[in-house]
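This report refers to the structure that appears directly beneath it.
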Amino acid sequence: MRSVENALGMEIPLNAQYIRNIIMGAHAVHDHIVHFYHLCALDWVDIVSALSADAKATAKLGQSLSPWKRNSFEEIRGAQKRLQTLVDSGQLGIYGSGYWGHPAMKLAPEVNLLAATHYLQALEYQRKINNVVAILGSKTPHIQNMAVGGVSNAINLDSPDTLNMEKLYLIKTLIAEADDFVKQVAMVDVAAIGAFYAEWTGYGKGVTNYLSAPDMPMDTKGTSFELPGGYIPGGDISKFTAIKSFNDPFFEDNVKESIKHSWYDGEWNRTPYEGETVPKYTDWQDDGKYSWVKAPTFQDEPAQVGPLANVLCMFAAGHKPTQKYATQVLDTVSSLVGSKVGVGALHSTIGRIAARVIRCAVLNDTLENQWTALVNNIASGDTTTFNPPSFPKGEVQGFGYHEAPRGILSHWIVIDNGKIKNYQAVVPSTWNAGPRNSKDDLGPYEAALLGNPVAEPERPLEILRTIHSFDPCLACAVHMVDKNNNEIVKVKVL
Amino acid sequence: MKCRESDFENIPSGVSRRDFLKVCTATAVYMGLPASFGPKIAEAATAAKKRPPVIWLSGQECTGCTETLLRTSHPTLEHLILDLIALDYAETLNTGAGHQAEEYRAKSIEENKGKFILVCEGSIPVKDGGIYCKIAGKPVLEILQETAPKAAAVIAIGSCATWGGVPSAGPNPTGATPVYKILEGTGIPVINIPGCPPNGYNFLSTVLYYVTFGKLPELDDKLRPKFAYGRLIHENCERRPHFDAGRFAEQFGDEGHRNGFCLYKLGCKGPETYNNCSTLRFNDMGTWPVNTGHPCFGCSEEGVGFTVPLHTPANVKNITPAAGLTPINVDHGGGMSTGAVALAAVVAGAALGAGAVAVKKVGQEEKKQD
Chain A
81 MRSVENALGM EIPLNAQYIR NIIMGAHAVH DHIVHFYHLC ALDWVDIVSA LSADAKATAK
141 LGQSLSPWKR NSFEEIRGAQ KRLQTLVDSG QLGIYGSGYW GHPAMKLAPE VNLLAATHYL
201 QALEYQRKIN NVVAILGSKT PHIQNMAVGG VSNAINLDSP DTLNMEKLYL IKTLIAEADD
261 FVKQVAMVDV AAIGAFYAEW TGYGKGVTNY LSAPDMPMDT KGTSFELPGG YIPGGDISKF
321 TAIKSFNDPF FEDNVKESIK HSWYDGEWNR TPYEGETVPK YTDWQDDGKY SWVKAPTFQD
381 EPAQVGPLAN VLCMFAAGHK PTQKYATQVL DTVSSLVGSK VGVGALHSTI GRIAARVIRC
441 AVLNDTLENQ WTALVNNIAS GDTTTFNPPS FPKGEVQGFG YHEAPRGILS HWIVIDNGKI
501 KNYQAVVPST WNAGPRNSKD DLGPYEAALL GNPVAEPERP LEILRTIHSF DPCLACAVHM
561 VDKNNNEIVK VKVL
Chain B
278 MKCRESDFEN IPSGVSRRDF LKVCTATAVY MGLPASFGPK IAEAATAAKK RPPVIWLSGQ
338 ECTGCTETLL RTSHPTLEHL ILDLIALDYA ETLNTGAGHQ AEEYRAKSIE ENKGKFILVC
398 EGSIPVKDGG IYCKIAGKPV LEILQETAPK AAAVIAIGSC ATWGGVPSAG PNPTGATPVY
458 KILEGTGIPV INIPGCPPNG YNFLSTVLYY VTFGKLPELD DKLRPKFAYG RLIHENCERR
518 PHFDAGRFAE QFGDEGHRNG FCLYKLGCKG PETYNNCSTL RFNDMGTWPV NTGHPCFGCS
578 EEGVGFTVPL HTPANVKNIT PAAGLTPINV DHGGGMSTGA VALAAVVAGA ALGAGAVAVK
638 KVGQEEKKQD
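Quick note, the sequences are listed as chains A and B, same order. So the first sequence is numbered by the numbering used here: it starts at 81 and just counts up by one. So the second sequence is numbered by the numbering used here: it starts at 278 and just counts up by one.
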């Protein structure tokens with residue numbers, strides 16, 4: 081959408097920007113909750129151990145950490161019974177292949193039970209915030225309200241069939257409910273798990289060039305954003321450079337993709353405008369092609385993307401809410417471990433998880449701001465939601481970016497006489513999961529696994545911890561090979 | 278049906294008896310059954326010692342169909358996987374990974390031979406030996422061919438698995454193929470739940486139908502459950518009166534659009550898409566695309582979704598009497614003859630500017646309705 085609008089040089093009505101912003105924010109909050117609790121927490125939390133916890137002591141622990149209203153004995157005992165019923169049934173389902181009792185699992189039974197209780201509660205709150213996406217986007221997961229030039233949501237406060245007061249207030253109510261869960265539960269849980277696994281601030285650093293997009297545009301042209309973004313080379317936040325607009329050549333001119341090690345025909349390193357996707361599968365080649373993923377670079381270097389990159393960029397840009405929530409999480413960790421833990425600890429496996437919950441808290445505030453901006457704009461008498469596109473004769477090209485839950489997403493389009501001539505998407509997991517680039521530099525996943533501990537080669541849970549911390553959007557495989565090139569084990573990750 | 282206290286002994290802990298019964302009753306009503314079937318569903322869901330095992334395979338997909346289950350309330354995902362079924366393998370949700378997950382899948386398939394439900398999400402690439410989608414080093418094509426004969430039934434979820442969806446769009450570089458075609462001639466029962474993704478309740482109700490009644494729901498000629506895909510979206514659309522009266526939105530944000538008029542001229546494919554979006558709505562929020570001012574693009578309909586451009590007018594499949602302004606003062610037991618209805622429809626269609634397409638199609642593609 082943004083790539084086409086960029087190619088056509090369009091302006092987007094303010095209402096449409098705010099509606100898109102609310103959808104993006106609510107989607108990301110949902111995604112971050114689901115990723116932490118349902119796709120990553122069980123790498124750290126042993127739910128079988130939770131069965132032996134004292135529910136009373138767990139409630140006391142929960143209440144000492146947070147004012148959350150649902151840390152009662154009844155709530156926690158109910159969750160424990162539910163898990164016990166599951167285990168007693170002998171049919172463990174998705175939990176049947178888990179790493180229960182693994183030596184790298186270090187939490188006390190009560191901490192495991194508290195986290196398991198919140199695992200179940202999190203399913204309810206991710207649904208609530210996702211409903212915001214459905215109200216504005218027609219349905220989720222795949223929304224259907226976007227149009228080149230705006231959105232399809234008509235605004236008419238005096239019609240029963242359009243975006244009106246009832247829907248607007250439902251959105252506000254759902255945002256508030258999710259806000260409590262994120263700030264009183266998710267932030268506390270992540271800080272506690274981070275503190276108990278403090279040694280993981282020393283693993284999984286990988287590539288420390290960080291790239292993220294500014295997002296939540298606050299004007300029609302995309303030159304002013306609520307959330308900043310940009311580039312940090314070599315982990316040095318003093319060298320942060322902001323990406324300033326939807327037209328900024330600093331982004332457009334510096335992105336390339338290499339297919340030297342990817343299963344595509346040829347060996348080039350190009351701007352996505354000239355990218356191709358012509359498959360040529362060779363199976364695994366140690367020094368040749370070994371991945372379906374291309375290798376993107378920024379200023380010819382690999383870059384890490386995702387909530388950590390975003391939080392570091394926003395921190396560097398002086399974004400106050402980011403600084404506030406980052407400090408809050410780090411202070412909680414510091415008090416639990418009994419020594420000062422600074423921003424530097426974020427360059428790690430556990431840091432990526434912490435950054436995700438920091439971003440989640442920032443986004444909740446953003447959602448409230450965007451809702452207020454939308455309502456104020458409607459109150460000013462503006463109900464425009466769409467500017468019609470017009471496609472010129474000849475060739476035009478454009479790019480559009482978005483700070484998605486997994487990191488910067490960019491689409492690149494070449495349009496010839498109103499028809500698509502080329503379209504390339506450079507997605508977050510391409511940045512992070514990409515193989516070696518044209519200069520044979522390791523991609524972020526590869527680099528992050530160097531020095532990662534593995535207690536039991538047959539059950540390499542620790543590798544999953546680092547890969548899951550990136551929130552991969554694809555099923556991939558880590559092949560562990562011994563010195564004689566014999567494969568020990570394959571680990572599929574999602 | 279009366280229920281006794283003892284019927285509820287096996288209610289999962291953490292769920293109140295009242296809530297549990299409420300969910301089961303809502304499910305019964307949604308499946309088009311009398312509310313009194315609620316207790317029967319509750320009984321079936323709790324009495325069984327063993328939860329029905331489910332193996333969920335992923336081919337060429339975006340995981341949107343899995344994601345849609347995160348958003349349902351009756352039942353919720355947690356109730357589904359903790360209490361109603363045993364989801365023994367699902368790439369996104371498995372706690373284990375790699376060979377741990379693959380071994381658990383193999384064990385479940387062996388132990389539950391002939392009894393498990395196989396769910397397939399995503400299309401199956403067949404070109405070049407299926408190398409475009411491999412899981413644990415094996416083409417998903419082979420995994421499907423090995424697994425399906427051992428299943429009680431196969432549910433293909435989403436447009437990719439049911440008719441090819443996005444991956445099969447021209448030029449279909451990987452030979453993306455729907456599941457039923459791979460299994461053609463094997464006699465293995467396949468149920469199609471198309472949509473991008475389908476409404477989670479259409480999938481869940483199919484599973485609960487099977488769990489409760491021990492049989493598969495009635496299917497149409499495209500293997501879709503009739504309770505979900507038995508009617509055109511257009512026939513139950515809230516904006517249908519505007520179509521019949523010739524009131525249309527012509528562009529997003531114009532006066533007709535801001536008045537909630539019909540989206541036919543914006544390319545709405547409701548008139549040629551069989552689905553229950555207009556009655557079931559999405560995410561328990563009462564929303565669906567037309568309600569949000571966006572034309573349906575036929576995501577669930579083969580030959581429409583991802584094939585016909587968004588703003589190209591739909592082929593209006595059939596004109597029901599309502600479009601022909603049936604007189605409201607017709608005597609009981611009388612009514613208009615079929616010919617008269619068709620004539621009225623033609624006259625009304627021509628007069629109302631529903632477009633030449635609508636007129637041309639009258640009487641041509643009547644689908645048998647139950």
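For every residue, glycine included, the Cβ atom is placed at its ideal position computed from N, Cα and C. Values in this document were obtained by computation on a predicted structure and should not be read as measured data.
- Any Cβ of chain B closer than 8 Å to the Cβ of A/D269 would place that residue at the interface, and such an atom is absent.
- Neighbours of A/L544 in chain B, taken as residues whose beta carbon is under 8 Å from its own, are A374 in chain order.
- Burial state of B/T340 is buried, judged by a 10 Å Cβ sphere holding 16 or more other Cβ atoms.
- For the pair B/P471 and B/T439, the CB atoms are nearer than the 8 Å cut-off.
- Judged by DSSP in its simplified three-state form, A/Q403 adopts helix.
- At the C-beta level, B/L395 and B/A363 stay beyond 8 Å of one another.
- The DSSP assignment places complete beta strand (DSSP E) segments of no fewer than 3 residues inside the segment 239 to 308 of chain A at 290 to 292, 295 to 297 and 305 to 307, in order along the chain.
- B/G507 is positioned such that its CB atom lies closer than 8 Å to that of B/D497.
- 8 Å or more divides the Cβ of B/T489 from the Cβ of B/I468.
- In the pairwise beta carbon analysis, the segment 91 to 107 of chain A is classified as touching the segment 440 to 449 of chain A: at least three pairs are separated by under 8 Å.
- Non-local C-beta neighbours of A/N210 in its own chain, meaning closer than 8 Å and more than five positions away in sequence, comprise A106, H107, H110 and T220, ordered along the chain.
- DSSP places A/H491 in the uninterrupted beta strand (DSSP E) bounded by G487 to D496.
- Under the DSSP assignment, A/H198 falls outside any beta strand (DSSP E), being part of the alpha helix (DSSP H) whose first and last residues are P189 to G217.
- Legend: CB atoms of the segment 557 to 580 of chain B lying less than 9 Å from CB atoms of chain A belong to residues R558, F559, N560, D561, M562, G563, T564, W565, P566, V567, N568, T569, G570, H571, P572, C573, F574 and C576.
- Annotated as proximal: A/P533 and A/Y283, with beta-carbon spacing under 8 Å.
- Assignment of beta-bridge partners to A/N502 by DSSP yields A/V494.
- Neighbourhood of B/K427 in chain A, by CB distance below 9 Å: empty, with the nearest CB roughly 18 Å away.
- By the neighbour-count definition (other C-beta atoms within 10 Å, threshold 16), A/I488 is a buried residue.
- By the Cβ criterion, the segment 287 to 301 of chain A is not in contact with the segment 162 to 180 of chain A, since fewer than three pairs of Cβ atoms, one from each stretch, lie closer than 8 Å.
- If you draw a 10 Å sphere on the C-beta of B/S400, you find 16 or more other C-beta atoms in it, and that means buried.
- Taking C-beta atoms as the reference points, A/F395 and A/I317 count as a pair closer than 8 Å.
- For B/L485, the uninterrupted alpha helix (DSSP H) segment begins and ends at G477 to F490.
- Not a single CB atom of chain A sits nearer than 8 Å to the CB of B/I510.
- In this structure, B/C576 sits away from B/G547, with a CB-CB distance that is not shorter than 8 Å.
- In terms of Cβ geometry, A/V335 and A/G514 do not form a close pair [threshold 8 Å].
- Those residues of the segment 236 to 257 of chain A placed with their C-beta closer than 9 Å to a C-beta in chain B are N236, S239, P240, D241, T242, L243, K247 and L250, ordered along the chain.
- By DSSP's assignment, B/P494 forms no beta bridge with any residue.
- Restricting attention to B/G582, B/C410, B/E527 and B/P426, the CA atom closest to the CA of B/N389 is found in B/P426.
- Looking only at B/N560, B/V585, B/G544 and B/Q528, the smallest Cα-Cα distance to A/N467 is reached by B/Q528.
- Taking the Cα positions, A/E542 is about 8 Å away from A/A535.
- In the three-state reduction of the DSSP assignment, A/M394 falls in the helix class.
- Taking 4 residues as the shortest admissible run, the segment 393 to 471 of chain B contains the following complete alpha helix (DSSP H) segments, listed from N- to C-terminal end: 417 to 424, 435 to 440 and 456 to 459.
- A/V128 has a beta carbon lying at 8 Å or more from every beta carbon in chain B.
- Taking 7 Å as the cut-off between beta carbons, the residues of the segment 511 to 538 of chain B near chain A are Q528, F529, G530, H534, R535, N536 and G537, in sequence order.
- The alpha carbon of A/L529 has as its nearest neighbour, out of A/S304, A/R545, A/N517 and A/L426, the alpha carbon of A/R545.
- When secondary structure is reduced to three states using DSSP, A/Y179 falls in the coil class, being assigned neither helix nor strand.
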